[in-house]
Structures are given as C-alpha cells and as structure tokens.
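To start, the structure under review is shown below, and the notes come after it.
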Amino acid sequence: MEETLNVLVLMDFNDAIMEKLRAISPRLKITRKVVKSADDIPPEAWVSIDVLYTGGIVPEPDAAPRLRWIQSHNAGVDHLLAQPLLAAEDIIVTTVSGIHAPTLAEYTLGMMLALARKIPTMLREAQKVEWAADRFTLFEPVELRGATVGILGYGSIGREVARLSKAFGMEVLATKRDLMHPIPQNEYTLPDLISEPDAVYVDRLYPPEATKSMAALCDFLVVILPLTEETRKVVNHAVFDAMKKTAYLINIARGAVIDEDALIHALQFGHIAGAALDVFTQEPLPSTSPLWTLDNVIISPHIAGSTSHYHEDAADVFAQNLERYVNKRDLLNRVDRKRGY
Numbered sequence: 001m002e003e004t005l006n007v008l009v010l011m012d013f014n015d016a017i018m019e020k021l022r023a024i025s026p027r028l029k030i031t032r033k034v035v036k037s038a039d040d041i042p043p044e045a046w047v048s049i050d051v052l053y054t055g056g057i058v059p060e061p062d063a064a065p066r067l068r069w070i071q072s073h074n075a076g077v078d079h080l081l082a083q084p085l086l087a088a089e090d091i092i093v094t095t096v097s098g099i100h101a102p103t104l105a106e107y108t109l110g111m112m113l114a115l116a117r118k119i120p121t122m123l124r125e126a127q128k129v130e131w132a133a134d135r136f137t138l139f140e141p142v143e144l145r146g147a148t149v150g151i152l153g154y155g156s157i158g159r160e161v162a163r164l165s166k167a168f169g170m171e172v173l174a175t176k177r178d179l180m181h182p183i184p185q186n187e188y189t190l191p192d193l194i195s196e197p198d199a200v201y202v203d204r205l206y207p208p209e210a211t212k213s214m215a216a217l218c219d220f221l222v223v224i225l226p227l228t229e230e231t232r233k234v235v236n237h238a239v240f241d242a243m244k245k246t247a248y249l250i251n252i253a254r255g256a257v258i259d260e261d262a263l264i265h266a267l268q269f270g271h272i273a274g275a276a277l278d279v280f281t282q283e284p285l286p287s288t289s290p291l292w293t294l295d296n297v298i299i300s301p302h303i304a305g306s307t308s309h310y311h312e313d314a315a316d317v318f319a320q321n322l323e324r325y326v327n328k329r330d331l332l333n334r335v336d337r338k339r340g341y
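Just so you know, we're using this note's numbering here: the sequence shown kicks off at 1 and counts up by one.
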C-alpha cells in the first residue's frame with residue numbers, strides 16, 4: 001500500500017472544494033485550517049505535513065521535515081521566496097498563475113478606457129453641478145482604435161490583455177524574456193480562455209533590454225512583470241523620459257517594479273499624461289504619498305486580480321497539481337528559483 005500524503009490547506013475553502021480535493025486520491029489526507037500565523041499550527045502537526053497550500057504562511061525551517069511541495073494561493077511569490085524555509089532547494093513551489101488573466105485584463109482595459117475617456121475628470125467636474133463651458137476640449141478622448149499598447153511581461157495575463165486590446169483595434173507590442181517560446185509549457189490556462197496563435201494578438205515582441213525603445217512607441221504601457229532582482233525599478237527615469245507625453249501607464253504587477261519617485265516626477269511634470277495604479281512600493285499606500293493628490297492618477301487598493309470565484313479557480317489549479325503529484329508528473333506553474341517566478 002502506498003504511503004499517505006498529508007496535505008495542509010491554510011485557506012478558507014468551502015466544503016465543496018475540499019470534497020473535490022479529497023476525491024482526487026485515497027492517498028491524500030487533507031486538513032483545512034484557517035490561522036493567522038504559523039504559530040497557530042501545533043508543532044506536531046507541522047512535522048507530518050508533505051504538501052502545503054498557503055496564502056503566505058509557512059513554517060519555520062526544520063519545523064516541517066517532510067514538506068516537499070508548497071502550492072501558493074497567489075501568482076506572485078516574491079514574499080514567499082523570501083521566507084527562510086524556502087532556502088531549502090528541495091521544496092517545490094507552484095503558483096496559481098493563469099487564473100487572474102480574465103479579471104486583470106478586464107481591469108486593464110477598464111483603466112485604459114477610463115484614462116482615455118477622461119472619466120476621472122468627468123466625475124470631478126460633475127461635483128460642480130454645472131455644464132463645463134470647454135467640454136469638448138476638457139473631455140477630448142484618446143481613441144483606443146489605432147492606439148498602441150505595450151505590455152511589459154507577456155505571460156498568461158499579458159496574452160489576455162493583448163487579445164482584448166486587439167478587439168479594440170489596437171496595435172500590440174510586448175516584451176518577453178524568452179522570445180523563442182511565447183507560450184511556456186506546463187503553465188495553467190483557464191479552461192474557458194480561448195487560446196489562439198500569438199501572431200493574432202502581438203504585432204511585435206521585444207526582449208526586456210529593449211523596454212525603453214518599445215515604451216517610446218506606446219500610447220499605453222501596461223506593467224505585468226514579476227518582481228525579481230532583475231525587474232526591480234526596471235520602469236525608471238529613462239523609461240519615463242522615453243515615453244510620449246500623451247502616454248499612460250498602468251501597473252498591475254508589483255509596486256517595486258516601478259521607480260515610484262521617478263513615476264511621481266513624471267506625473268507631476270507632465271512627462272506622461274497619467275497612470276492607473278493598483279500596486280505600490282509600500283502597501284497600503286501611505287496617506288503622505290503625492291500619488292493621492294494627483295488629478296491624472298487612478299488609484300485602486302491592490303484589488304485588480306480579485307474575483308468572486310477566486311477560490312474555485314485557485315482550487316482547480318491545486319486539484320490538477322495534486323493529481324499530477326500523486327502520479328509523479330510535472331506540476332503546473334512550477335517556480336524557477338533562479339528566475340524568481
């Protein structure tokens with residue numbers, strides 16, 4: 001008889017999800033606990049765990065000697081990889097990358113439309129309870145049709161942003177680390193997300209080294225890069241100086257991918273037209289940040305990836321990976337420690 005695999009789920013999955021996970025294999029003994037810290041799990045419980053599903057809580061080094069695989073509830077793993085436990089190279093880390101593609105792409109297109117159609121200005125002007133005399137100048141839009149969008153980071157989210165952008169008649173540019181393999185192997189894709197050849201969506205792919213050159217061509221620059229040492233502050237003064245004064249920035253990645261001081265300077269002095277920001281170097285965004293007071297900025301509190309069925313989508317990735325793990329097959333969305341994602 002094969003050995004039991006002890007799985008600890010640190011997420012408030014409902015009973016239906018838990019039943020789905022337990023039905024994968026009789027070898028799986030799955031326990032659900034909702035806790036605030038690793039200390040809330042008794043030491044004797046950590047000792048027996050083989051697989052951990054977590055939103056960020058992990059045990060201390062040596063507390064879980066049997067642990068061989070961590071499935072993250074998130075796509076980004078920069079905070080998770082910084083945990084001392086993850087110094088152990090023999091622990092596999094996987095993510096739920098791919099489930100956010102529709103909601104983040106819709107957020108991105110929503111922000112493009114809001115910025116292009118001057119919706120924040122409309123809302124502010126409406127507070128005056130009067131008809132703007134210079135309304136045609138004040139609300140003159142940027143049409144998405146014929147505009148150019150540049151996508152920094154052409155993964156599953158970037159592909160969906162590109163697909164929707166094409167539907168609006170936009171030219172699509174993108175940067176990607178591996179230009180030879182536009183669609184990576186063993187990457188999770190939502191079952192209902194239609195996948196077509198990349199040529200349909202992207203007019204031109206660039207290496208990361210050409211970020212500044214690509215940014216100079218864009219009316220909208222969308223940041224979807226993972227946070228690594230290579231990408232930290234990669235969107236900096238040089239990139240903003242290269243951008244059109246009429247261009248807009250949208251960040252749905254991590255705040256630290258952008259040099260926030262350089263961004264504030266670019267926004268204050270009109271080097272770019274505006275920005276929609278869901279993520280920031282420090283979160284929550286401090287009340288003292290100048291970003292709060294800039295009329296050409298839309299701020300959202302790191303909610304762009306949220307959806308009412310997040311748990312179900314994330315659990316689907318975990319279910320597929322559990323089945324693969326039991327049958328000793330390659331896991332989906334396995335993190336490359338050297339790359340950082």
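C-beta: ideal position from N, C-alpha, C; glycine also.
So what does Trp69 bridge to, in DSSP terms?
Val51 and Ile92
Does DSSP put Ile224 in a helix, a strand or coil?
Residue state, collapsed to three classes: coil.
For the alpha helix (DSSP H) that Ala315 lies in, which residues bound it at each end?
Tyr310 to Val326
With Gly169 and Leu144 assumed to form a contact (beta carbons below 8 Å), what rounded beta-carbon distance in angstroms separates them?
Contact holds; Cβ gap of about 7 Å.
Over what stretch of residues does the beta strand (DSSP E) that includes Leu298 continue unbroken?
Going by the sequence as given, residue 298 is Ile instead of Leu. Here the beta strand (DSSP E) through Ile298 covers Val297 to Ile299.
Measure the alpha-carbon distance for Ile224 versus Leu10 and round it to whole angstroms.
27 Å
Measure the alpha-carbon distance for Lys166 versus Leu331 and round it to whole angstroms.
32 Å
Beta strand (DSSP E) containing Gly274: first to last residue?
From DSSP, the beta strand (DSSP E) with Gly274 extends over Gly274 to Leu277.
Within 7 Å, strictly: CB atoms of Gly255 and Val279:
Against a cut-off of 7 Å, the Cβ pair of Val279 and Gly255 comes out as a contact.
With DSSP collapsed to three states, give me the class of Gly150.
In this structure, Gly150 counts as strand in the three-state DSSP scheme.
Taking only the alpha-carbon atoms, compute the straight-line gap between Glu130 and Glu312 and give it to the nearest angstrom.
Those two C-alpha atoms are separated by around 46 Å.
Nearest-angstrom Cα distance between Asn14 and Pro42?
23 Å
Does the region 121-137 come into contact with the region 82-99, if we say contact requires no fewer than three beta-carbon pairs (one atom in each stretch) closer than 8 Å?
Flag = no, the region 121-137 and the region 82-99 do not touch.
For Glu209, count the other beta carbons within 10 Å of its own beta carbon; 16 or more makes it buried, fewer makes it exposed. Which is it?
Classification of Glu209: exposed, given that the 10 Å Cβ count is below 16.
Give the single residue among Tyr341, Asn321 and Lys338 whose Cα lies nearest to the Cα of Ser25.
Asn321
What would DSSP say about Ile17, mapped onto helix, strand or coil?
helix
From Trp69, His73 and Glu2, pick the residue whose C-alpha is nearest to that of Asp316; which is it?
His73
Arg339 by DSSP, collapsed to three states: which one?
coil
Return the chain-ordered list of same chain residues with a C-beta closer than 7 Å to the C-beta of Gln83, the five sequence neighbours on each side being excluded.
Val58
Which residues does DSSP list as the beta-bridge partners of Asn6?
Lys29
Residues in its own chain within less than 8 Å of Pro207 by CB, not counting five upstream and five downstream?
Thr175, Lys176, Arg177 and Leu179
Would you tell me roughly how many angstroms separate the C-alpha atoms of Met214 and Gln282, rounded to the nearest one?
Distance between Met214 and Gln282, taken at the CA atoms: about 28 Å.
Straight-line CA distance for Leu109 to Val161?
7 Å
Limits of the unbroken alpha helix (DSSP H) element including Glu160
Run containing Glu160: Ser156 to Ala167, per the alpha helix (DSSP H) assignment.
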